[in-house]
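Trainee: Okay, handing you the structure first.
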Amino acid sequence: MELGRAGLAWAAALLLAALGAQAAAGDFDPYRVLGVGRGSSQADIKKAYKRLAREWHPDKNKDPGAEDRFIQISKAYEILSNEEKRANFDRYGDAGESQGYSQHQHRQFHRFHEGFYFDESFFHFPFNSERRDTSDEKYLLHFSHYINEIVPDSFKKPYLIKITSDWCFSCIHIEPVWKEVAQELEALGAGIGVVHAGYERRLAHHLGAHSTPSLLGLINGKITFFHSAVVRENLRQFVENLLPGNLVEKITDKNYIRFLSNWKKENKPHVLLFDHMPVVPLLYKLTAFAYRDYLSFGYVYVGLRGTEELSSQYNINVYTPTMMIFKEHIDKPADVVQARDMKKQLIDDFLSQNKFLMVARLTNQRLFQELCPVKKSHRQRKHCVVLLTGEGEKFAEAYEAFLTFAVANTKDTLKFVHIYNDRQPEFADAFLMDEEKYRGKSAVVILERRNNAGKVAYTALEEAWQGSKEDNFILLDLLDQLRTDPNLLSSETVLADLNDELAPMFLIRWLYSTLDYLSDCWDSLFHSNWREMMPLLSLLFSALFILFGTVIVQAFSDSSDPRDSPPSEKEETAAKTEKNDASFSKESNSNSHHIC
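FYI, in mature numbering (1 follows the signal peptide of the UniProt record, and there is no 0) the residues of the sequence shown are -25 to -1, 1 to 571.
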């Protein structure tokens, strides 16, 4: 009787738990979370997701509930971006994950199971997701998010990604180290990602992870697996090894002038970090990778003999990390920042304001678009003052005068740039139209980009630019008038895309591409996806074994078969004797026949 009552109580409790779980599962509506209708297209869903993700990302939104809200947004997009999960939700009110049980159902049942039967802490197995550390949730990745956002972002910073799953003993073992390293690397500027193999099998398979836990690095779209012991030092070194080795140059008294003087050749400002650490800090390497398209980086170890002149010339405090940016003038830094504890945010703010030279040379279309953006509204007009000039000493005086004018008049709405006419002939001809008065001389054009198709409005100084006081006065007066009367830009033209002057030659690009391809093949074969290669390798070795075995068997067969072996000398002599006897006998018989 008691057993029967206990059974009824057990059944009733299960029923209540299931009903509670179903109610909890019904509370989550991905359409409501993203604010879209059930008939919305994938484009509308993706647009809503991106807008909400930007708004509620925990790194940007300091609201206490931002993290939970961001997780809900990501989960909703994961369901609605997958047609199968979306169809299951529309039909059953559930995305159909976890073999018919939603995540809420699993949690509810697990909570009931704990309360009535056992406490996991008794076994020291913290599988309960509510008791486990939830810091990984903000790093969770799904397939579309990885492809569309993480991979492109890996060209700006390396990512350390963990593949995990439920009921994974080793995952629990590395969790304290992972949490510490993830927080540390994220603060330095590295990206962190977590893939739950149970819910993101497609992404885990795409990454080549066949077991949990797996750790991998992602940089420039390339995956590299971590194979060492999971300790803090190894993980830091792994991320550091992902970075190119030539990001930061070691600077001393012997090479600093050459380094800073390369601004003209590279068309970039140059950054020097003075610090008392003997090795380049990882924070600085990650920063150099993020800004490598805009800046060149050097590191000065102030405790090293041979840097005294450099430290003295720029009045460096050897006890405080100092960062300096040099532009067109190497004798004096364009900007300086000092801090005992150099943080990533401080460095980013400092560098983002100094990404370009005072009068940068337009060497490609990307640079032109960044320095001279398209007009968005009448209140957001941005004008570019372009010096069309040539190379060599003949044009040096005009360039220096233009640089001096630019330093005194640069503003947020006014950028100064220059081009070499012989390197960008189509650009120059569009403005000067091969007029005789500009031939062999410099010219100044003020322009405003109207659209991305190349349409610009402009006006040019009537006379060639020589850098005289009169030229300075005319240009300054024209800029003042332009503030109140945009119609001064009375001419229009359509510009073709600029040539990429700094792009390597075809042969060098082909060589680099070949080396990268061979490197990727090597890594794929022996490191990243060796388990996927096992069937092919097994087939290859089987074929080689069969071929080798066939050769060996054939060799032994040839040596043991007398019919196939070559005749010995005695056998050849006996055969000849027997043949002669037979011939003699035949001849004798023929003679006997004639006598008869």
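Note that CB positions come from ideal geometry on N, CA and C, so glycine has one too.
Taking the CB atoms as reference points, tell me whether Thr227 and Thr282 lie closer together than 8 Å.
Mentor: Their beta carbons are under 8 Å apart, which means Thr227 touches Thr282 by this criterion.
Trainee: Write down every uninterrupted run of the alpha helix (DSSP H) in the segment 396 to 430 whose length is 4 residues or greater and which is fully enclosed by it, in chain order.
Mentor: Listed in chain order, the complete alpha helix (DSSP H) runs (minimum 4 residues) inside the segment 396 to 430 are 400 to 407.
Trainee: Tell me the residue span of the beta strand (DSSP E) that contains Leu191.
Mentor: Leu191 -> beta strand (DSSP E) spans 189 to 194.
Trainee: Could you tell me the boundaries of the beta strand (DSSP E) in which Cys143 lies?
Mentor: Segment: none, Cys143 is in no beta strand (DSSP E) and carries neither H nor E.
Trainee: Suppose only complete runs of 3+ residues qualify. What are the beta strand (DSSP E) ranges in the segment 247 to 320, listed by chain order?
Mentor: Qualifying beta strand (DSSP E) stretches, in chain order: 271 to 276, 297 to 301, 310 to 313.
Trainee: Could you give the first and the last residue of the continuous beta strand (DSSP E) run that contains His185?
Mentor: No beta strand (DSSP E) holds His185; DSSP gives it neither H nor E.
Trainee: Out of curiosity, what's the CA-to-CA distance linking Asp34 and Asn339?
Mentor: When rounded, the distance between both Cα atoms is 33 Å.
Trainee: Out of Asp455, Lys37, Lys369, which has the shortest C-alpha to C-alpha gap to Lys386?
Mentor: Looking at the Cα atoms, Asp455 is the closest of the given residues.
Trainee: Just tell me which of Asp460, Ala439, Ala478, Ile20 has its CA closest to the CA of Arg398.
Mentor: It is Ala478.
Trainee: Can you tell me whether Asn329 is buried or exposed? The criterion is at least 16 other CB atoms within 10 Å of its CB, across all chains shown.
Mentor: That one is buried.
Trainee: Which residues mark the beginning and the end of the alpha helix (DSSP H) in which Glu372 is found?
Mentor: Unbroken alpha helix (DSSP H) run through Glu372: 371 to 384.
Trainee: Would you mind working out which of Glu375, Arg458, Tyr114 sits nearest Ser443, comparing C-alpha positions?
Mentor: Selected option, being the one with the closest Cα: Glu375.
Trainee: I need the straight-line Cα distance from Lys60 to Arg26, nearest angstrom please.
Mentor: Each residue's Cα considered, the two are about 22 Å apart.
Trainee: Residues in the same chain with beta-carbon distance under 7 Å from Asn427, minus the five sequence neighbours each way, listed in chain order, please.
Mentor: Excluding positions up to five away in sequence, the list reads Val349.
Trainee: Using the Cα positions of Asp65 and Gly12, report the straight-line distance between them to the nearest angstrom.
Mentor: Using only the alpha carbons, I get a separation of about 12 Å.
Trainee: Within this structure, are the beta carbons of Phe377 and His393 separated by less than 8 Å?
Mentor: Their beta carbons are under 8 Å apart, which means Phe377 touches His393 by this criterion.
Trainee: In this structure, how does DSSP classify Leu222 when only helix, strand and coil are distinguished?
Mentor: Residue state, collapsed to three classes: coil.
Trainee: Under DSSP, the alpha helix (DSSP H) around residue 573 begins and ends at which residues?
Mentor: Residue 573 lies beyond the stretch modelled for the chain, which goes from -25 to 571, so this question has no answer here.
Trainee: Kindly indicate which three-state DSSP category Arg458 falls into: helix, strand or coil?
Mentor: DSSP places Arg458 in helix when its eight states are reduced to three.
Trainee: Under a three-way DSSP split, which group does Lys22 fall into?
Mentor: Helix, per DSSP.
Trainee: Specify the secondary structure class of Lys330 as computed by DSSP and reduced to three states.
Mentor: The answer is coil: DSSP assigns Lys330 none of H, G, I, E or B.
Trainee: Can you list, in chain order, the residues of its chain with a C-beta nearer than 8 Å to that of Ser466? Leave out the 5 residues immediately preceding and following it.
Mentor: The residues are Ala432, Tyr433, Thr434, Ala435.
Trainee: Relative to the C-alpha of Lys225, which residue among Gly14, Tyr276, Ile322 is closest?
Mentor: Ranking Gly14, Tyr276, Ile322 by Cα distance to Lys225 puts Tyr276 first.
Trainee: Using only the alpha-carbon positions, how far apart do Gln47 and Lys22 sit?
Mentor: C-alpha separation (whole angstroms): 16 Å.
Trainee: By alpha-carbon positions, which one of Leu247, Tyr413, Leu389, Phe3 ends up nearest to Asn396?
Mentor: Per the Cα distances, Tyr413.
Trainee: Once you ignore the five residues that flank Gln78 on each side, which residues in its own chain have a CB closer than 6 Å to its CB?
Mentor: At Gln78, the pLDDT of 41 sits below 50, so the modelled position is not reliable and the matter cannot be decided from this model.
Trainee: Would you call Thr388 buried or exposed, if buried means 16 or more other Cβ atoms sit within 10 Å of its Cβ?
Mentor: Its Cβ having fewer than 16 others within 10 Å, Thr388 is exposed.
Trainee: Below 8 Å on the Cβ atoms is my guess for Ala62 versus Leu9; work out the distance and round it to an integer in Å.
Mentor: Actually they do not touch by this definition, with Cβ atoms about 17 Å apart.
Trainee: If you compare alpha carbons, which of Leu261, Phe370, Trp31 is closest to Ala162?
Mentor: Answer by Cα proximity: Leu261.
Trainee: What residue range does the beta strand (DSSP E) around Glu368 cover?
Mentor: Unbroken run through Glu368: none, as it is neither H nor E.
Trainee: Kindly confirm or deny that the segment 208 to 226 and the segment 252 to 271 touch, where touching means at least three C-beta pairs closer than 8 Å.
Mentor: Short answer: they touch.
Trainee: What does a CB cutoff of less than 6 Å around Val312 pick up in its chain, not counting 5 residues either side in sequence?
Mentor: The residues are Met298, Phe325.
Trainee: Would you call the segment 283 to 296 and the segment 188 to 197 in contact, with 3 or more CB pairs under 8 Å?
Mentor: No, the segment 283 to 296 does not touch the segment 188 to 197.
Trainee: Measuring CB to CB, does Val170 end up less than 8 Å from Leu182?
Mentor: Their beta carbons are under 8 Å apart, which means Val170 touches Leu182 by this criterion.
Trainee: Buried or exposed: where does Asp38 fall if 16 or more other Cβ atoms within 10 Å of its Cβ makes it buried?
Mentor: Its Cβ having fewer than 16 others within 10 Å, Asp38 is exposed.
Trainee: For Gly166, collect the residues of the same chain with a Cβ closer than 6 Å to its Cβ; drop the 5 residues on either side in sequence, then sort them by chain order.
Mentor: Contacts found: Lys132, Tyr134.
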